[in-house]
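Colleague: Here it is: the structure, laid out below.
Chains as they are written, first to last, in the numbering used here: chain A, 4 to 120; chain B, 6 to 116.
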């Protein structure tokens, strides 16, 4: 199956700093990627849909200036958490939807655990 | 917002027993998918069932879909300790790519 990677797998940062998380599709091109966040023992909440070459589509309640998404190529989307605060600590997961895929089966990255001190 | 509701929220059984998890959703769907997540890891796709299908099998997994009741079930037969994980259902709508996840069931298989 298709492989999606994320980097870094975990990151600890100080409050007020910005953190960039990368999501890469390794063996396919993805015009669309998705970013989720997951709090402990909870489900995945979709944050935004990342579209190659255009602006991301954010879900209601997600601050676009706080969570910057850039999908600069068909294999890379980045999520930047700007001026991170402790409440941003979470598990961030990306997924990619291969073009031509049927019935929106998605492939997920291994996740990035962000801890803001 | 979360569309799917899963029950039970947590399930603990003995190795070798069967585990059944249920998922309900609210709106019409194109397909329903089940994913597994080991603690602190990403999601692994298990099985996809289309809205015009009623039952699907994959190894020890059996998924049913009842669109009239807007519900699905995942059965894992002859459970193993390695099946310990959280299981999520996710629904995809017509022409929409994004998935809406249920709350998940935390399954523990006791040796």
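Glycine included, every Cβ here is placed at the ideal spot set by N, Cα and C. Note that the coordinates shown come from a computational prediction; the quantities given were computed from them, not determined experimentally.
Inspect the beta-carbon positions of residue 111 (chain A) and residue 33 (chain A) and report whether they are closer than 8 angstroms.
Modeller: By one-based count along the first chain, residue 111 (chain A) stands at place 108. By one-based count along the first chain, residue 33 (chain A) stands at place 30. Cβ distance not < 8 angstroms, so residue 111 (chain A) and residue 33 (chain A) don't count as in contact.
Colleague: Anything in chain B within Cβ reach of residue 92 (chain A), meaning under 9 angstroms, just list it in chain order.
Modeller: To locate residue 92 (chain A), count along the first chain from 1; it is residue 89. None at all; the shortest Cβ gap to chain B is about 14 angstroms.
Colleague: Decide if residue 88 (chain A) is buried, meaning its Cβ has at least 16 other Cβ atoms within 10 Å, or exposed.
Modeller: Looking up residue 88 (chain A) in the first chain gives position 85. That one is exposed.
Colleague: Say whether chain B places a C-beta atom closer than 8 angstroms to the C-beta of residue 20 (chain A).
Modeller: As a first step, residue 20 (chain A) must be located in the first chain, where it is residue number 17. So, not an interface residue.
Colleague: Tell me which same chain residues have a C-beta within less than 6 angstroms of the C-beta of residue 54 (chain B), skipping the five on either side of it?
Modeller: Residue mapping note: residue 54 (chain B) aligns to position 49 of the second chain, counting from 1. Within the same chain, residue 54 (chain B) has close Cβ partners 37, 61, 68 and 70.
Colleague: Answer yes or no: does any C-beta atom of chain B fall closer than 8 angstroms to that of residue 129 (chain A)?
Modeller: Missing from the structure shown is residue 129 (chain A); chain A here goes from 4 to 120 and no further.
Colleague: Would you identify the three-state DSSP class for residue 62 (chain A), choosing helix, strand or coil?
Modeller: Reading the first chain from its first residue, position 59 is the one you call residue 62 (chain A). Residue 62 (chain A) falls in the coil class under three-state DSSP.
Colleague: Would you identify the three-state DSSP class for residue 12 (chain B), choosing helix, strand or coil?
Modeller: By one-based count along the second chain, residue 12 (chain B) stands at place 7. The answer is strand: DSSP assigns residue 12 (chain B) an E or B state.
Colleague: Nearest-angstrom Cα distance between residue 72 (chain A) and residue 78 (chain A)?
Modeller: For this step, residue 72 (chain A) is matched to residue 69 along the first chain. For this step, residue 78 (chain A) is matched to residue 75 along the first chain. Each residue's Cα considered, the two are about 14 angstroms apart.
Colleague: Using three-state DSSP, classify residue 90 (chain A) as helix, strand or coil.
Modeller: The residue you call residue 90 (chain A) lines up with position 87 of the first chain. If DSSP states are grouped into helix, strand and coil, residue 90 (chain A) belongs with the helices.
Colleague: State buried or exposed for residue 22 (chain B), treating a residue as buried only when at least 16 other CB atoms are found within 10 Å of its CB.
Modeller: Taking the first residue of the second chain as position 1, residue 22 (chain B) is located at position 17. Classification of residue 22 (chain B): exposed, given that the 10 Å Cβ count is below 16.
Colleague: Output yes if chain B places a C-beta closer than 8 angstroms to the C-beta of residue 32 (chain A); else output no.
Modeller: As a working note, residue 32 (chain A) is residue 29 in the first chain. No, no contact with chain B.
Colleague: Consider the Cβ of residue 52 (chain A): report whether some Cβ of chain B lies at a distance smaller than 8 angstroms.
Modeller: On the first chain, residue 52 (chain A) is found 49 positions in, with the first residue counted as 1. Chain B contact via Cβ: present.
Colleague: Among all the DSSP beta bridges, which residues are the ones paired with residue 28 (chain A)?
Modeller: By one-based count along the first chain, residue 28 (chain A) stands at place 25. DSSP output for residue 28 (chain A) lists A:7 as bridge partner(s).
Colleague: Relative to the C-alpha of residue 86 (chain A), which candidate in A:11, A:8 and A:23 has its C-alpha closest?
Modeller: Reading the first chain from its first residue, position 83 is the one you call residue 86 (chain A). Taking only the C-alpha atoms, the option nearest residue 86 (chain A) is A:23.
Colleague: Are the CB atoms of residue 51 (chain B) and residue 112 (chain B) nearer to each other than 8 angstroms?
Modeller: The residue you call residue 51 (chain B) lines up with position 46 of the second chain. The residue you call residue 112 (chain B) lines up with position 107 of the second chain. Cβ atoms of residue 51 (chain B) and residue 112 (chain B): not closer than 8 angstroms.
Colleague: With DSSP run on the structure shown, which of helix, strand or coil describes residue 83 (chain B)?
Modeller: Walking along the second chain from the start, residue 83 (chain B) turns up at place 78. Coil, per DSSP.
Colleague: What first and last residue would you give for the beta strand (DSSP E) that runs through residue 76 (chain A)?
Modeller: Reading the first chain from its first residue, position 73 is the one you call residue 76 (chain A). Taken as a continuous stretch (DSSP letters only), the beta strand (DSSP E) holding residue 76 (chain A) covers 70-76.
Colleague: Below 6 angstroms CB to CB, which residues in the same chain sit around residue 93 (chain B) once its five sequence neighbours on both sides are set aside?
Modeller: Along the second chain, one-based indexing puts residue 93 (chain B) at 88. Around residue 93 (chain B): 40, 106, 107 and 109.
Colleague: Does at least one heavy atom of the ligand NAD sit under 7 angstroms from the Cβ of residue 96 (chain B)?
Modeller: Among the components of this structure there are no ligands whatsoever, and the ligand NAD is therefore not found.
Colleague: What does residue 43 (chain B) pair with, by DSSP beta-bridge criteria?
Modeller: For this step, residue 43 (chain B) is matched to residue 38 along the second chain. None, per the DSSP bridge assignment.
Colleague: Where does the unbroken beta strand (DSSP E) through residue 54 (chain A) begin, and where does it stop?
Modeller: On the first chain, position 51 is the one that residue 54 (chain A) refers to. Here the beta strand (DSSP E) through residue 54 (chain A) covers 47-54.
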